[in-house]
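*Asks:*
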Amino acid sequence: MLTILAAGSVFFPGLFLLSKQCLKYIPALRWSEGDAVIVSARLVSSVQAIMASSAGYIIASSCDDIIEDQHWLTSAYILFAVPYFVYDIYAMFMCYWYKLRVKGHEEASAAPQHMGSALTSYLRREFLMVLHHVVMVTVCFPVSVFWRQGKGDYFQGIMFMAELSTPSVCLGKILIQYKQQHTLLHKVNGALMLITFFICRVLLFPYLYYVYGRYASIPFHMVPLSVPWHCNLGAALLMAPQLYWFSLICRGALRLFTGSSRSRRPPPTTAAVKEGQMDGHALPQPANGYSMRSTEPEPATH
Numbered sequence: 000m001l002t003i004l005a006a007g008s009v010f011f012p013g014l015f016l017l018s019k020q021c022l023k024y025i026p027a028l029r030w031s032e033g034d035a036v037i038v039s040a041r042l043v044s045s046v047q048a049i050m051a052s053s054a055g056y057i058i059a060s061s062c063d064d065i066i067e068d069q070h071w072l073t074s075a076y077i078l079f080a081v082p083y084f085v086y087d088i089y090a091m092f093m094c095y096w097y098k099l100r101v102k103g104h105e106e107a108s109a110a111p112q113h114m115g116s117a118l119t120s121y122l123r124r125e126f127l128m129v130l131h132h133v134v135m136v137t138v139c140f141p142v143s144v145f146w147r148q149g150k151g152d153y154f155q156g157i158m159f160m161a162e163l164s165t166p167s168v169c170l171g172k173i174l175i176q177y178k179q180q181h182t183l184l185h186k187v188n189g190a191l192m193l194i195t196f197f198i199c200r201v202l203l204f205p206y207l208y209y210v211y212g213r214y215a216s217i218p219f220h221m222v223p224l225s226v227p228w229h230c231n232l233g234a235a236l237l238m239a240p241q242l243y244w245f246s247l248i249c250r251g252a253l254r255l256f257t258g259s260s261r262s263r264r265p266p267p268t269t270a271a272v273k274e275g276q277m278d279g280h281a282l283p284q285p286a287n288g289y290s291m292r293s294t295e296p297e298p299a300t301h
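Per our numbering, the sequence shown starts with residue 0, numbered consecutively.
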């Protein structure tokens, strides 16, 4: 157990640092620190999502009995992935920190100038996402590894596959961050994100209830009354933030495909540039050619 936890503790932060260093120092790239941090964090999230989805597919496809069948990969991947959620809280903060320090629109005047105030602002703005990660480590981890007692690996595998929507969410955040909303890639990715998030996260628990109903030979509407109350409570608490984030994605998709997204903002004023320079961080021209400013809010999904 400790070996797998240690492997995850090394792999995810190590991949983040390796990716950041490559983006900063490869001669053909030489991205700024902020660019490298933001893209590296999204890359690690996408890698974790692909690994989790692959593990979930292997587990679910190997279970004939959805309650009794077991697969060694279930507990192994849970242990491996737990450090990711701890690391990702830090990675999200670093992304938030660098975005604050380069923004040129109205938030710039209110951007915290010190790490402590930035951390407070980050926890306030990203409270739901941070809470989600904390719950995954403190509640879902012990429940999945110890409380289940080896039962329901099929359901755990299906829940791993919910991460299938994450790569498109990460790519969408990167494109928004670098003002690429006008590109065909952003529109195609937006449609893919909407579809995969709805299927993999919104329909997740209804599907699990449906599968259990077939297994137990009971009608779908009777399943909530047939399972323990804490299962219904857990499903409701996990599904609630998914519905909230899906509503944000739908709003973004509506703006994207109806052409009502915000128009491009004008270049930063002289006062805004001077403000950045007074802080010792003049707004740099990113090496990748993208602007660091965002024109619309991101859905806080991951």
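For every residue, glycine included, the Cβ atom is placed at its ideal position computed from N, Cα and C. This structure is a prediction, so every number in the text was calculated from the model and none was measured.
Give me the Cβ distance between C94 and A27, rounded to the nearest whole Å; I'm assuming they're in contact under 8 Å.
*Replies:* As a working mapping, residue 94 is identified with position 95 in the sequence shown. As a working mapping, residue 27 is identified with position 28 in the sequence shown. At roughly 23 Å, the Cβ-Cβ gap does not stay under 8 Å, so C94 and A27 are not in contact.
*Asks:* Return helix, strand or coil for Y211, following the three-state DSSP convention.
*Replies:* One-based indexing of the sequence shown puts residue 211 at position 212. It is helical.
*Asks:* Quick one: residues in its chain with C-beta nearer than 7 Å to the C-beta of H132, no 5 flanking neighbours on either side, listed in chain order?
*Replies:* Taking the sequence shown and counting its residues from 1, the one referred to as residue 132 is at position 133. Around H132: F84, D87, I88.
*Asks:* Using a 10 Å radius around the Cβ and a threshold of 16 neighbouring Cβ atoms, would you call Y24 buried or exposed?
*Replies:* One-based indexing of the sequence shown puts residue 24 at position 25. Y24 comes out exposed.
*Asks:* Can you give me the Cβ contacts of N231 inside the same chain, cut-off strictly under 8 Å, excluding the 5 residues immediately before and after it?
*Replies:* Your numbering for residue 231 matches position 232 in the sequence shown. Excluding residues within five positions, the ones whose Cβ falls inside 8 Å are P223.
*Asks:* So T195 and S164 are supposed to be a Cβ contact under 8 Å. How far apart are they, rounded?
*Replies:* What you label residue 195 is simply residue 196 of the sequence shown in a count that begins at 1. What you label residue 164 is simply residue 165 of the sequence shown in a count that begins at 1. Confirmed, about 4 Å.
*Asks:* If we ignore side chains and look at the alpha-carbon of each, how far apart do I57 and A75 end up?
*Replies:* Numbered from its first residue, the sequence shown carries residue 57 at position 58. Numbered from its first residue, the sequence shown carries residue 75 at position 76. Rounded to the nearest angstrom, the two C-alpha atoms are 13 Å apart.
*Asks:* Do you know offhand how far L236's Cα is from M114's?
*Replies:* Counting from 1 along the sequence shown, the entry for residue 236 is found at position 237. Counting from 1 along the sequence shown, the entry for residue 114 is found at position 115. Rounded to the nearest angstrom, the two C-alpha atoms are 32 Å apart.
*Asks:* Does the segment 60-71 come close enough to the segment 123-138 that 3 or more CB-CB pairs lie under 8 Å?
*Replies:* No, because fewer than three Cβ pairs between the segment 123-138 and the segment 60-71 fall closer than 8 Å, the two stretches do not touch.
*Asks:* So G7 packs on A80, CB below 8 Å; how close in whole Å?
*Replies:* Within the sequence shown, the letter at position 8 stands for residue 7. Within the sequence shown, the letter at position 81 stands for residue 80. Their Cβ separation, rounded to whole angstroms, is 6 Å, which keeps G7 and A80 in contact under 8 Å.
*Asks:* Along the alpha helix (DSSP H) that carries L127, what are the first and last residues, could you check?
*Replies:* One-based indexing of the sequence shown puts residue 127 at position 128. Run containing L127: 126-134, per the alpha helix (DSSP H) assignment.
*Asks:* Who are the Cβ neighbours of C169 in its own chain at under 7 Å, not counting the five residues just before and after it?
*Replies:* Position 170 of the sequence shown, counting from 1, holds the residue named residue 169. Same-chain partners within the cutoff: R41, S44, S45.
*Asks:* Find the nearest neighbour of L255 within the set W244, V134, I175, judged by alpha-carbon distance.
*Replies:* Counting from 1 along the sequence shown, the entry for residue 255 is found at position 256. When each option's Cα is compared against that of L255, the closest is I175.
*Asks:* Please identify the residue among P82, T73, S120 whose C-alpha is closest to the C-alpha of F92.
*Replies:* Against the sequence shown, residue 92 aligns to sequence position 93. For the residues P82, T73, S120, the minimum Cα distance to F92 belongs to S120.
*Asks:* For A161, tell me which candidate among S52, H220, S60 has the shortest Cα-Cα distance.
*Replies:* For the purposes of this step, residue 161 is taken as residue 162 along the sequence shown, with counting starting at 1. Minimum Cα distance to A161 is reached at S52.
*Asks:* How should A90 be labelled, buried or exposed, when 16 other C-beta atoms within 10 angstroms of its C-beta is the threshold for buried?
*Replies:* Position 91 of the sequence shown, counted from the first residue, corresponds to residue 90. Counting Cβ neighbours within 10 Å, A90 comes out buried, since at least 16 surround it.
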